[in-house]
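Every position in the sequence shown, counted from 1, becomes a number in this note's numbering once 22 is added.
The next block holds one structure in the form of structure tokens; read it before the comments.
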Amino acid sequence: MQRFKKLLTEQREQIVGNAKTLSGDIHVDPDDFPDEMDIASSEVSLQFAGRLREREQGLLSKIDAALAKIEAGEYGECIVCGEQIGVARLKARPVAELCIECKSEQEKLERRTG
């Protein structure tokens, strides 16, 4: 458990550090760009940065939930079936909430329903 706690804490610190680098107001002043292509390029970059922030915020939430489960002694339990999540899966994805069987079933259902 301590190994996973350390790994999750390091991931959290890295994301928070990246967020500080990207922090600040995102602002595009059309007067700063001489043509439409520069404006379009800048807007695409801003959209990408926004999606990146959203993904990082979601991952931070999952990391915090996993750390809380470690503290509560519930880390590594599948939220669907209650079985233990395999160590190999947790090493690959420390924020995993589903065992491999339940995750596979979830993905099959998602493919069927589109």
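We put the CB at the ideal spot given by N, CA and C, even for glycine.
Treat the numbers as computed from the prediction; the structure is a model and nothing was measured.
CA-to-CA distance, residue j to residue i, given in whole angstroms
i: CYS124; j: VAL109; result: 15 Å
i: GLU76; j: VAL66; result: 15 Å
i: TYR97; j: LYS91; result: 5 Å
i: LYS113; j: LYS28; result: 12 Å
i: SER126; j: ARG73; result: 26 Å
i: ALA87; j: GLN128; result: 20 Å
i: ALA62; j: GLN69; result: 11 Å
i: THR135; j: GLY39; result: 38 Å
i: CYS103; j: ARG115; result: 18 Å
Best match in the options for proximity to residue i [C-alpha to C-alpha]
i: THR31; options: VAL102, SER83, VAL66, ARG75; result: SER83
Contacting residues, own chain, Cβ-Cβ under 6 Å from residue i (five flanking each side not counted)
i: ILE37; result: GLU78, LEU82
i: MET23; result: ILE92
7 Å Cβ shell around residue i - same chain, five flanking residues per side excluded
i: ILE101; result: GLU119, LEU120
i: ARG34; result: LEU82, ILE85
Alpha helix (DSSP H) segment containing residue i, residue limits
i: GLY122; result: First, the residue type needs correcting, since residue 122 is Ile and not Gly in the sequence shown. Taken as a continuous stretch (DSSP letters only), the alpha helix (DSSP H) holding ILE122 covers 122-135.
i: ALA114; result: 109-114
Spatial neighbours of residue i in its chain, beta-carbon cut-off 8 Å, leaving aside the 5 residues before and after
i: VAL117; result: LEU30, LEU81, LYS84, ILE85, ALA87, ALA88
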